[in-house]
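>
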Amino acid sequence: MSEYQRVLREEDPRIAALFDVAGEQEHSGHVIVEDPFPALGKLLAEAPVHKGAIGELLGYNADAGFHFHIPGKPTYTTFSFEATSRVLIENETFSSRVYEEIDSNAQFAHTILQKVGAEHRRLRAPMQPLFSPKMAATWWNDLVIAETVEVLVSKIEGKGSANLFLELCARMPVHVVSVAFGIEPDEIVDFRIALNEGINEDAGIRMAGQAASQAILERVIEARRREPRDDIISKLVEAEVETEDGGTRHYSTTEIVNHVRLILAAGGGTTWRQLGITIFALLNNPEQFEALKADRSLLSNAILESVRWHATDLMFPRRAEVDVNLCGVDIPAGSLIHMCLGAANRDPARWDNPDAYDITRPLQRSLGFAGGPHSCLGQHISRQEMFVAMNAILDRLPNLRWDASKPAAKMVGTVFARGPDALHVLFD
1 MSEYQRVLRE EDPRIAALFD VAGEQEHSGH VIVEDPFPAL GKLLAEAPVH KGAIGELLGY
61 NADAGFHFHI PGKPTYTTFS FEATSRVLIE NETFSSRVYE EIDSNAQFAH TILQKVGAEH
121 RRLRAPMQPL FSPKMAATWW NDLVIAETVE VLVSKIEGKG SANLFLELCA RMPVHVVSVA
181 FGIEPDEIVD FRIALNEGIN EDAGIRMAGQ AASQAILERV IEARRREPRD DIISKLVEAE
241 VETEDGGTRH YSTTEIVNHV RLILAAGGGT TWRQLGITIF ALLNNPEQFE ALKADRSLLS
301 NAILESVRWH ATDLMFPRRA EVDVNLCGVD IPAGSLIHMC LGAANRDPAR WDNPDAYDIT
361 RPLQRSLGFA GGPHSCLGQH ISRQEMFVAM NAILDRLPNL RWDASKPAAK MVGTVFARGP
421 DALHVLFD
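Residues in the sequence shown are numbered consecutively from 1, following the numbering used here.
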């Protein structure tokens, strides 16, 4: 048994606390929001763009703890697909430089997160091939995805019952991305804890978390400079970035540290919750689940439909760099924009019966993986992870159903990070 398999098979008491959607958000000082979709649908029906922060438009005190809220800053929220898609695509008008104004994102500074235009393209270009569909289905799958799913499902399949959200959905993505980047197996949970602490509202906790994650990554980076391996950090160390004058340079240590933090924070969190949302949707729509069992070619549709129906992150921020009119609303330069992907992905102008989860729905672009220059870098890795995990569930956990002896699963979280509270299931 490899060291990685040993770590995967061990029961780590920190996992349950670490992968708790509501607990994670409350720990970071964010307001828990009950089912937001009825209110989002009402706001969308009233107008494609509203003046106001998404928290206050939903009836909360937005200053109390909402993602990407900047007190006192003029704020507008997009709800329609047209408005939200335009903000994502026109990134130089609606700039991602807004992240520079958000203190909790300091550990992701000097990354593609805040960049726009040519600077963004130059910084992202060397990374893009590492996350392509081909790399996802070959290098990522063969290196770590298939093995991780195999080990975790083999632990589950003989038990007859499980909390799939904790035992599979949570552990699979965080281990996959960490190992692929070169984090040692026995440091994966420590590193994840440090990442979470690095965005805490308490400045002392935040700085300590950032220092801990930086120390781990700098050690790996220096080791790979001496002796490269077949992992993503080695590839980033060796990568060449085009400069403004047409030359090339290497990523700095700070750029590698912060990009790895960014990608691992996203990759270990979004796929965990989105895979859980997919299972939740299928179990709550048994006719859809039966259709998938009868026709496995629907699996990609089932995954993408879950991303449309309930993307784990329902909103992201941008900043208007110039005075602009968006769907009839005049927005002054400097205003904060809250893009509500959750409402946009249920826009009845684009989808029939948009509140329904329907894996036979004709596919068209949603905004679950964002869009435009900042479309999700790791989306193909995430889709491959979910594809392999769902195939394993269908193959090896027959007659999967809710465990009626446990509380019914429900969606929890904020307007940014949402997912099931648990997935207690039975199988034969």
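All C-beta atoms, glycine included, are put in the ideal place defined by N, C-alpha and C.
All of these numbers come straight from a predicted model, not from anything done at the bench.
If you draw a straight line from the alpha carbon of Phe142 to that of Pro71, how long is it in whole angstroms?
The identity of residue 142 in the sequence shown is Asp, whereas the question assumes Phe. Going from the Cα of Asp142 to the Cα of Pro71 covers about 46 Å.
> Looking at the structure shown, is Cys340 part of a helix, part of a strand, or coil, going by DSSP?
Of the three classes helix, strand and coil, the one that applies to Cys340 here is strand, per DSSP.
> What is the residue span of the alpha helix (DSSP H) that Ile15 lies within?
Ile15 -> alpha helix (DSSP H) spans 14-18.
> Leaving out the 5 sequence neighbours to the left and right, which residues in its chain are closer than 6 Å to Cys169 when beta-carbon positions are compared?
Closer than 6 Å at the Cβ level, and outside the excluded window around Cys169, lie Trp272, Leu275, Gly276.
> For Arg9 and Gln384, I'd like the C-alpha separation in whole angstroms.
Distance between the alpha carbons of Arg9 and Gln384: 22 Å.
> Going by beta carbon distance, what residues of the same chain come within less than 7 Å of Arg431, once the five residues before and after it are set aside?
Beyond the ends of the chain as shown, which are 1 and 428, falls residue 431; an answer cannot be given.
> From Ala266 to Gly158, what does the alpha carbon distance come to, in whole angstroms?
Each residue's Cα considered, the two are about 31 Å apart.
> According to DSSP, simplified to helix, strand and coil, what is Pro420?
In the structure shown, Pro420 sits in a strand (DSSP, three-state: E or B).
> Could you give the C-beta distance for His67 and Thr312, rounded to a whole number, given that I count them as a contact under 8 Å?
Going by Cβ atoms, the distance from His67 to Thr312 rounds to 12 Å, so no, they are not a contact pair.
> Would Arg308 be called buried (16 or more neighbouring beta carbons within 10 Å of its own) or exposed?
Buried, since its Cβ has 16 or more Cβ neighbours within 10 Å.
> Do Leu397 and Phe280 have their C-beta atoms within less than 8 Å of each other?
Not closer than 8 Å, so no.
> Report yes if the C-beta distance between Phe37 and Asp347 is below 8 Å; otherwise report no.
It is not a contact, given that the beta carbons lie outside the stated cut-off.
> What is the rounded straight-line gap between the Cα of Tyr76 and the Cα of Asp186?
Approximately 44 Å, taken between the alpha carbons.
> Quick check on Ser335: does DSSP put it in helix, strand or coil?
Ser335 falls in the coil class under three-state DSSP.
> Taking contact to mean 3 or more Cβ pairs, one atom from each stretch, closer than 8 Å, check whether the region 192-200 and the region 15-29 are in contact.
The region 192-200, when compared against the region 15-29, does touch it at the 8 Å Cβ threshold.
> My output table needs one value for Arg401: the three-state DSSP class, helix, strand or coil.
Arg401: strand per DSSP, three-state reduction.
> Quick check: Val189 and Arg14, are their CB atoms within less than 8 Å of each other?
Closer than 8 Å, so yes.
> Here's the rule: buried if 16 or more other CB atoms are within 10 angstroms of the residue's CB, otherwise exposed. What is Lys115?
Under this definition Lys115 is a buried residue.
> Tell me the DSSP secondary structure of Asn196 in three-state form.
Looking at Asn196 - three-state DSSP - the assignment turns out to be helix.
> With a threshold of 16 other CB atoms inside 10 Å of the CB of Asp35, please say whether the residue is buried or exposed.
So Asp35 counts as exposed.
> Assuming Val257 and Glu218 are in contact, meaning their beta carbons sit under 8 Å apart, how far apart are those beta carbons, in whole angstroms?
Sure, about 6 Å apart at Cβ, within 8 Å.
> Anyone know if the C-beta pair for Ile232 and Ala180 falls short of 8 Å?
In contact: Ile232 and Ala180 (Cβ atoms closer than 8 Å).
> Look up Thr319 in the DSSP assignment and give the residues it is bridged to.
For the record, residue 319 in the displayed sequence is Arg; it is not Thr. In the DSSP output, where bridge partners are listed per residue, Arg319 has Ser95, Leu336.
> Find the nearest neighbour of Glu46 within the set Cys327, Leu298, Gln210, Ala137, judged by alpha-carbon distance.
Ranking Cys327, Leu298, Gln210, Ala137 by Cα distance to Glu46 puts Cys327 first.
> Just mark Arg296 as buried or exposed, buried being the case when its beta carbon has 16 or more other beta carbons within 10 Å.
It is exposed - the Cβ of Arg296 has fewer than 16 other Cβ atoms within 10 Å.
> Could you spell out where the beta strand (DSSP E) holding Ala162 opens and where it closes?
Note, Ala162: beta strand (DSSP E), 161-163.
> Taking all protein chains shown into account, do 16 or more other C-beta atoms lie within 10 angstroms of the C-beta of Pro129, making it buried, or fewer, making it exposed?
Burial call: exposed.
> My output table needs one value for Val116: the three-state DSSP class, helix, strand or coil.
In this structure, Val116 counts as coil in the three-state DSSP scheme.
> Can you give the Cα-Cα distance for His110 and Gln379, rounded to whole angstroms?
For His110 and Gln379, the distance between alpha carbons rounds to 21 Å.
> What is the C-beta distance between Val237 and Thr248, in whole angstroms, given that I count them as a contact (C-beta under 8 Å)?
The Cβ separation is near 14 Å, so there is no contact.
> To the nearest angstrom, how far is the alpha carbon of Arg121 from that of Ala64?
Near 36 Å, if we compare the C-alpha coordinates of Ala64 and Arg121.
> Compute the distance between the beta-carbons of Thr78 and Val33, then report whether it is under 8 Å.
No, they are not a contact pair.
> Starting from Gly413, follow its DSSP beta bridges and name the residues at the other end.
Paired residue(s): Arg418.
> What residues are listed by DSSP as bridge partners for Val237?
Per DSSP, none; premise fails for Val237.
> With burial defined as no fewer than 16 other Cβ atoms inside 10 Å of the residue's Cβ, what is the status of Leu363: buried or exposed?
When all chains shown are included, Leu363 counts as exposed.
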